[in-house]
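Trainee: In terms of the numbering used here, the sequence shown opens at residue 825 and continues consecutively.
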Amino acid sequence: MPANLTPIYLKADAAFRAAETTEEKIECLKHMITVLPKHKGTDHLHGDLKRRLAKLTQQQEQQRKSGGGRSQLVDIEKQGAGQVVLLGAPNSGKSTLLNALTNAHSEVGDYPFTTHAAVPGMMPHEDVQIQLIDTPPVTADYCETWLPGLVRKSNLCLLVADLASDDLLEDIDTILSLFTQRKVPLVREVPADNDDPTLGHARTVVVANKRDADDANTRLEMLEELLGQRLDTLPLSAKTGQGMADFPARIYESLDVIRLYTKEPGEKADLVQPYALPRGSTVEDLALEVHREIAESLKHARVWGTGVFDGQTVGREHVLHEKDIVELHA
Ligand SMILES: Nc1nc2c(ncn2[C@@H]2O[C@H](COP(=O)(O)OP(=O)(O)OP(=O)(O)O)[C@@H](O)[C@H]2O)c(=O)[nH]1
Ligand SMILES: [Mg+2]
């Protein structure tokens, strides 16, 4: 494998190796082909990826014809600065949270198992939008087959705990164990040195909802004791709004992305629609996000922002920072 592969490509490669269904593998391969840096050293790999994609597409077609291998995959296209999945026990308030934070509407009910499908919505934070996805509940006996896959592919998981429920510790424990069994351990930080490609750790924050409920404080203490250093807790009330004001900012922080503005030479920067890329991304990563052709013919960039003087010329390997303004020269 060429040595100079970017972190974005390596991440895509890890996702491919973790993919379980043919559909997932095809999606991952397409993504790998898009983000693979194009130069002489990667020609061979590029050809190899295309061959693998052709083979899998053929396989999928055969499965379709034979009527077997029906897809269980729920694949929601990522939008905005990151994809965040709400996960939790029945009645914990996932749908209420989605409705409070986004323009979407998901049915709310004072009874379990109200939500049956994944429902996406967009949550604004300053000049970026973050995608939140409401999902059906999880119990020891019930978990939609596609749900671990969705969480695995997302950028962040919000595990919703119900501070009004006496079963809250058991419910959280059940979900943590179940997702570990399904090879998607819910963790505070994704380990950098994971050498088991079957594992797809999901960065997770626990949202302790219904803070307004009777005895919520006592349950919150018990929850924090159970979790210890394992996961961070964000207490709030989706119903009263308590603790919700800085919620989008906290989620943006947890996504660990940077927003970048682009500008054309001689023109003002586009400060309306920033790009959001993983922290540590380079000029080349941004170029790939803007357009593959620009990335291929990129000569240099000029940057206004952190760690550079205004308009400094930098190369494709230059690491960008939050709110940098970048002029790509192809
Ligand atoms: N007191 C209080 N009640 C809440 C809060 N958030 C949600 N609820 C109530 O909890 C009940 C369940 O809310 P939902 O949003 O439907 O819960 P859910 O997690 O989506 O439920 P499922 O779809 O069955 O998994 C409803 O009666 C809500 O009004 C809160 O912050 N405080
Ligand atoms: Mg619901």
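Built from N, CA and C at the ideal position, the CB exists for glycine as well.
For Ile1118 and Asp1109, I'd like the C-alpha separation in whole angstroms.
Mentor: For Ile1118 and Asp1109, the distance between alpha carbons rounds to 11 angstroms.
Trainee: Given a threshold of 16 other Cβ atoms within 10 Å of its Cβ, counted over all protein chains shown, does Gly945 qualify as buried or as exposed?
Mentor: Classification of Gly945: buried, given that the 10 Å Cβ count is 16 or more.
Trainee: Check whether the segment 1093–1106 touches the segment 1064–1075, counting contact only when three or more Cβ pairs, one atom from each stretch, lie closer than 8 angstroms.
Mentor: Output reads no: the segment 1064–1075 does not touch the segment 1093–1106.
Trainee: Tell whether a beta-carbon distance below 8 angstroms holds between Gly877 and Ile900.
Mentor: At residue 877 the sequence reads Leu, which differs from the Gly that was named. Taking 8 angstroms as the Cβ cut-off, Leu877 and Ile900 do not qualify as a contacting pair.
Trainee: Taking the alpha-carbon of Asp951 as reference, which of Ala843, Leu1101, Gln883 and Gly904 has the nearest alpha-carbon?
Mentor: Measuring from the Cα of Asp951, the nearest candidate turns out to be Gly904.
Trainee: If you reduce the DSSP assignment to three classes, tell me which class Gln884 lands in.
Mentor: Helix, per DSSP.
Trainee: Considering only residues of the segment 1089–1114, which uninterrupted beta strand (DSSP E) runs meet the minimum length of 3 residues and lie entirely inside it, listed in chain order?
Mentor: Fully enclosed beta strand (DSSP E) runs of 3 or longer: 1099–1102.
Trainee: For Lys790, which residues does DSSP report across the bridge?
Mentor: Residue 790 lies beyond the residue range present for the chain, which begins at 825 and ends at 1154; the question has no answer from this structure.
Trainee: What do you get for Leu834, buried or exposed, if any count of 16 or more other CB atoms within 10 angstroms of its CB means buried?
Mentor: Exposed, by the Cβ-count rule.
Trainee: Pro1102 to Ile832, Cα distance in whole Å?
Mentor: Near 8 angstroms, if we compare the C-alpha coordinates of Ile832 and Pro1102.
Trainee: Going by C-alpha to C-alpha distance, which of Leu911, Thr920 and Val1150 sits closest to Gly1135?
Mentor: Per the Cα distances, Val1150.
Trainee: Does Glu844 come out as helix, strand or coil in the three-state DSSP assignment?
Mentor: In the structure shown, Glu844 sits in coil (DSSP, three-state: anything other than H, G, I, E or B).
Trainee: Quick one: does the C-beta of Thr939 sit closer than 7 angstroms to a heavy atom of ligand 2?
Mentor: Yes, the beta carbon of Thr939 sits closer than 7 angstroms to at least one heavy atom of ligand 2.
Trainee: By a C-beta neighbour count over all protein chains shown, 10 Å radius and 16 as the cutoff for buried, is Pro1021 buried or exposed?
Mentor: Pro1021 is exposed by the Cβ-count criterion.
Trainee: With Arg1083 as the anchor, note down where its beta strand (DSSP E) starts and where it stops.
Mentor: Taken as a continuous stretch (DSSP letters only), the beta strand (DSSP E) holding Arg1083 covers Val1081 to Thr1086.
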